[in-house]
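745 is the number of the first residue of the sequence shown in the working numbering; add one for each residue after it. Glycine included, C-beta positions come from ideal geometry on N, C-alpha and C. What follows is a single structure, written as structure tokens, with notes after it.
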Amino acid sequence: MNFFQDLKQKLEKGMETAGQKSQRMLEISRLSLKIKGKKDDIERMIQKLGREVYEAWEPAKKLEMTDQIEATLTAIHDLNEQLKSLQKELEDLKNSDITVHDTAEKVSIPPSVQEEEPSSGKVEVLLPDQESPRTRVKTVQPGAAVLYICPFCAHQVKNDASSCSHCGQRFY
């Protein structure tokens, strides 16, 4: 019986670790998307700044700092600070360790799955034209659904897939 308890504890810790890793991957993906969005915003602001500088320079062929140019420069600086903050947060998340607690979440078997009376090992087969037996039938409801997730992009993959259909990465 001790073997089964050890196996149960190892499985609980493994499930907890897998859950934490998938949560971490989702968080990394979310931060990566935010970083990409900030970089795109910075590029748009730099293009806007270029147009503003050219428009300010063109009439007199002399460049003067206008309020509009200064506001755009300030906005670019603020976006760069936000980008640095997001990149630091992403690095911290990538470098963080996953901790497994000594006691994993307890999983209880629903009463509908537990056997109320010992089974005799007999299986009855009913043909379509026969009536169902008057004895009580044990119904088994499925436990939790199993989802297979790509370790690189966190999209759902088929259980027998060896590569992700979304990102194309191979995994084993």
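Q) If you draw a straight line from the alpha carbon of A800 to that of T810, how long is it in whole angstroms? A) So the alpha carbons of these two residues sit roughly 8 angstroms apart.
Q: Per DSSP, which residues does V901 bridge with? Please list them.
A: Answer is Y892.
Q) Does A815 have its Cβ less than 8 angstroms from a Cβ in chain B? A) Here chain B cannot be found, since the structure has a single protein chain.
Q | Reduced DSSP secondary structure (H/G/I, E/B, other) of S909 | A | coil
Q) In the DSSP assignment, what residue or residues form a beta bridge with R795? A) According to DSSP, R795 bridges with nothing at all.
Q: Kindly confirm or deny that the stretch 768–783 and the stretch 826–842 touch, where touching means at least three C-beta pairs closer than 8 angstroms.
A: yes
Q | Spatial neighbours of I813 in its chain, beta-carbon cut-off 8 angstroms, leaving aside the 5 residues before and after | A | L793, E796, V797, A800
Q | Span of the alpha helix (DSSP H), counted from its first residue to its last, around S829 | A | Per DSSP, S829 belongs to the alpha helix (DSSP H) from 811–839.
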